[in-house]
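Asker: What follows is a single structure, and I will ask about it in a moment.
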DNA sequence: GTGAAAGTGATCGTATACGATTTCGTACTT
DNA sequence: AAGTACGAAATCGTATACGATCACTTTCAC
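Protein chains in written order, with my numbering: chain Y, 33 to 268; chain S, 33 to 268.
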């Protein structure tokens with residue numbers, strides 16, 4: 033009755049669903065890079081499906097912002113438009129902050145210990161300079177924090193945000209060693225807040241600031257034009 | 033380049049889009065009431081389209097939570113599941129709060145005057161007891177507040193939330209005179225905050241509380257089982 | 001040589017047809 | 001009389017085929 037919207041969107045075994053998962057995976061793991069042109073016919077032939085299910089899959093991916101679509105032209109994997117990056121990060125900071133605050137009271141000590149272990153691993157990655165692994169662990173860490181969110185709608189929005197960022201390769205592209213150190217420390221501070229049962233507002237604010245700081249770090253090292261695009265949202 | 037996701041989802045003149053708009057309108061204005069069974073073939077016949085565009089339209093509506101879908105069974109207009117109502121209200125309180133805070137600095141005095149006029153009209157509706165008009169004006173009021181939000185993603189989420197509530201007929205169903213008076217006062221307080229250039233955090237919190245209060249009023253007059261469903265999210 | 005215009009190719013959009021799965025009614029058995 | 005099993009109807013899921021629209025290339029006139 034209360035599954036997430038995403039889970040309901042197509043029957044599990046249907047070709048539409050298979051096509052959706054397949055194309056999505058290819059985008060997220062980078063087989064289809066930004067700018068790659070997704071032709072319905074070609075995709076259908078590659079996957080062994082017909083055009084209709086593929087078309088539906090593309091539409092769903094479009095709704096999630098992973099591809100853009102143009103009539104009689106075709107679909108292309110969404111590019112790294114700096115403005116889009118900002119919008120996504122800002123939206124994610126809001127929904128993820130809320131999700132983390134809502135999750136906090138439901139996280140048990142075991143999960144916290146797990147998150148802490150992940151965070152320590154991230155610290156090691158910094159010493160050996162392993163950005164790829166760092167990024168993966170970062171996602172694991174945050175998953176522990178927000179996965180207990182009792183509101184499936186909010187959880188779904190968080191997942192969509194992460195997927196978009198994954199598709200944009202933003203976390204690895206924008207890996208800044210100095211920022212990464214701060215990030216690990218902020219993680220630990222967040223865990224402390226949750227452990228001590230801080231009020232939801234504080235947790236939400238901390239989680240939101242954590243992501244805003246990443247955005248700021250990005251803006252600081254970005255080109256002037258990108259910074260300019262970001263200044264529209266400077267009030268946040 | 034930066035239209036909302038919804039606008040991009042289908043070509044303007046396509047039958048898919050027409051079907052989507054048509055069915056959506058019928059749901060929101062109440063021609064198709066909750067529980068109404070949407071059979072692909074029948075809808076297609078009614079609209080004069082084929083099955084494929086209708087199917088795509090239904091899928092989009094499902095992604096927005098307006099209908100539920102089951103394989104080989106069909107689609108039904110989403111019902112007034114109290115849990116879903118809570119989830120929707122909670123999500124909306126978060127994204128609408130953020131949208132209002134982001135809009136605030138961009139709202140000029142003309143727009144504020146317009147909002148205030150709408151709010152005074154709402155006050156009159158209370159005296160003449162006109163819940164339907166009150167509900168419509170309420171939407172107008174909030175539109176003025178958040179429509180200036182520079183982040184299209186957030187704006188899109190707000191619209192989706194409002195659509196769901198409209199489809200559920202929740203605002204009219206749950207109209208509580210006592211609460212409505214408070215609501216009008218809170219609107220005025222919100223306008224004052226925006227006029228005086230209060231910091232975004234205060235505005236966000238005020239906007240969020242405004243919606244939470246509506247939710248609380250709903251819970252107070254709801255049946256015990258509904259209240260019980262709500263207690264899961266009591267931390268908010 | 002440059003510009004526009006027409007033709008060609010490619011891609012999406014939709015309709016129709018068929019197959020798979022589920023549901024519901026009915027008859028039969030216990 | 002109640003439960004079960006079988007069958008028919010209905011519905012969704014997918015494939016294939018055709019039409020509409022747009023982008024690109026080529027050609028012709030100036």
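Note that the Cβ used here is the ideal one computed from N, Cα and C, for glycine as well.
Please state if the CB of residue 131 of chain S and the CB of residue 170 of chain S are separated by a distance shorter than 9 Å.
Answerer: Counting from one through the second chain, the residue named residue 170 of chain S turns up at place 138. Counting from one through the second chain, the residue named residue 131 of chain S turns up at place 99. Going by C-beta atoms, residue 170 of chain S is not nearer than 9 Å to residue 131 of chain S.
Asker: Taking beta-carbon pairs under 9 Å, can you tell me which members of the segment 60–88 of chain S lie near chain Y?
Answerer: 84, 87, 88
Asker: Is DSSP giving residue 86 of chain Y helix, strand or coil here?
Answerer: Your numbering for residue 86 of chain Y matches position 54 in the first chain. Here residue 86 of chain Y sits in helix by DSSP.
Asker: Determine whether the beta carbon atoms of residue 222 of chain S and residue 177 of chain S lie at a separation below 9 Å.
Answerer: What you label residue 222 of chain S is simply residue 190 of the second chain in a count that begins at 1. What you label residue 177 of chain S is simply residue 145 of the second chain in a count that begins at 1. Result yes, Cβ atoms of residue 222 of chain S and residue 177 of chain S sit closer than 9 Å.
Asker: Applying the 10 Å Cβ sphere with the 16-neighbour rule, what's the burial state of residue 101 of chain S?
Answerer: Taking the first residue of the second chain as position 1, residue 101 of chain S is located at position 69. Buried, since its Cβ has 16 or more Cβ neighbours within 10 Å.
Asker: So the beta strand (DSSP E) residue 107 of chain Y belongs to, where does it begin and stop?
Answerer: Counting from 1 along the first chain, the entry for residue 107 of chain Y is found at position 75. Per DSSP, residue 107 of chain Y belongs to the beta strand (DSSP E) from 106–109.
Asker: Per the DSSP calculation, residue 81 of chain S is bridged to which residue(s)?
Answerer: Here residue 81 of chain S refers to the residue found at position 49 of the second chain. Per DSSP, none; premise fails for residue 81 of chain S.
Asker: So who's on the other strand from residue 100 of chain Y, going by DSSP bridges?
Answerer: The sequence position of residue 100 of chain Y within the first chain is 68, counting from 1. In the DSSP output, where bridge partners are listed per residue, residue 100 of chain Y has Y:108.
Asker: Considering Cα atoms alone, identify which of Y:219, Y:127, Y:86, Y:47 is closest to residue 153 of chain Y.
Answerer: For the purposes of this step, residue 153 of chain Y is taken as the residue at position 121 of the first chain. Ranking the options by Cα distance to residue 153 of chain Y, first place goes to Y:219.
Asker: Starting from residue 52 of chain S, trace the alpha helix (DSSP H) both ways and give me its first and last residue.
Answerer: On the second chain, residue 52 of chain S is found 20 positions in, with the first residue counted as 1. From DSSP, the alpha helix (DSSP H) with residue 52 of chain S extends over 47–61.
Asker: From residue 98 of chain S to residue 236 of chain S, what does the alpha carbon distance come to, in whole angstroms?
Answerer: On the second chain, position 66 is the one that residue 98 of chain S refers to. On the second chain, position 204 is the one that residue 236 of chain S refers to. Going by the C-alpha atoms only, they are around 27 Å apart.
Asker: Please classify residue 128 of chain Y as buried or exposed, where buried requires at least 16 neighbouring CB atoms within 10 angstroms.
Answerer: Position 96 of the first chain, counting from 1, holds the residue named residue 128 of chain Y. That one is buried.
Asker: Please return the same chain residues whose Cβ sits closer than 7 Å to the Cβ of residue 47 of chain Y, not counting the five positions on each side in sequence.
Answerer: In the first chain, counting from the first residue as 1, residue 47 of chain Y sits at position 15. Only 81, 85 meet the Cβ criterion.
Asker: If you check the beta carbons only, do residue 150 of chain Y and residue 173 of chain Y fall under 9 Å apart?
Answerer: To locate residue 150 of chain Y, count along the first chain from 1; it is residue 118. To locate residue 173 of chain Y, count along the first chain from 1; it is residue 141. It is a contact, given that the beta carbons lie within the stated cut-off.
Asker: Measuring only the C-alpha atoms, how far is residue 135 of chain S from residue 110 of chain Y?
Answerer: Reading the second chain from its first residue, position 103 is the one you call residue 135 of chain S. Reading the first chain from its first residue, position 78 is the one you call residue 110 of chain Y. C-alpha separation (whole angstroms): 27 Å.
Asker: Taking CB distances under 9 Å as the criterion, tell me whether residue 209 of chain S reaches chain Y.
Answerer: Walking along the second chain from the start, residue 209 of chain S turns up at place 177. The beta-carbon of residue 209 of chain S is placed no less than 9 Å from the nearest beta-carbon of chain Y.
Asker: Less than 9 Å separating the beta-carbons of residue 197 of chain S and residue 120 of chain S?
Answerer: The count along the second chain starts at 1 and reaches residue 197 of chain S at position 165. The count along the second chain starts at 1 and reaches residue 120 of chain S at position 88. Contact: yes.
Asker: Rounded to the nearest angstrom, how far is the Cβ of residue 208 of chain S from that of residue 249 of chain S, given a contact under 8 Å?
Answerer: For this step, residue 208 of chain S is matched to residue 176 along the second chain. For this step, residue 249 of chain S is matched to residue 217 along the second chain. Confirmed, Cβ separation roughly 5 Å.
Asker: Between residue 234 of chain S and chain Y, is there a C-beta pair that is closer than 9 Å?
Answerer: As a first step, residue 234 of chain S must be located in the second chain, where it is residue number 202. Chain Y contact via Cβ: absent.
Asker: For residue 84 of chain Y, verify whether its CB is less than 8 Å away from any heavy atom of the ligand ZN.
Answerer: Among the components of this structure there are no ligands whatsoever, and the ligand ZN is therefore not found.
Asker: Answer with yes or no whether the minimum CB distance from residue 127 of chain S to chain Y is below 9 Å.
Answerer: Here residue 127 of chain S is taken as the residue at index 95 of the second chain, counted from 1. Yes - at least one Cβ of chain Y is within 9 Å of the one on residue 127 of chain S.
Asker: Could you tell me which chain S residues have their CB closer than 8 Å to the CB of residue 139 of chain Y, listed as they occur along the chain?
Answerer: Here residue 139 of chain Y refers to the residue found at position 107 when the first chain is read from its first residue. Ordered by position in chain S, no residue passes the 8 Å Cβ test against residue 139 of chain Y, which lies about 13 Å from the chain.
Asker: Answer yes or no: does any C-beta atom of chain Y fall closer than 9 Å to that of residue 268 of chain S?
Answerer: Taking the second chain and counting its residues from 1, one reaches residue 268 of chain S at position 236. Low local confidence applies: a pLDDT of 40 at residue 268 of chain S is under 50, so the model's placement there is unreliable, with the coordinate-based value given in what follows. Yes, contact with chain Y.
Asker: Who does residue 69 of chain S pair with in a DSSP beta bridge?
Answerer: Along the second chain, read from residue 1 onward, the residue named residue 69 of chain S stands at position 37. S:108.
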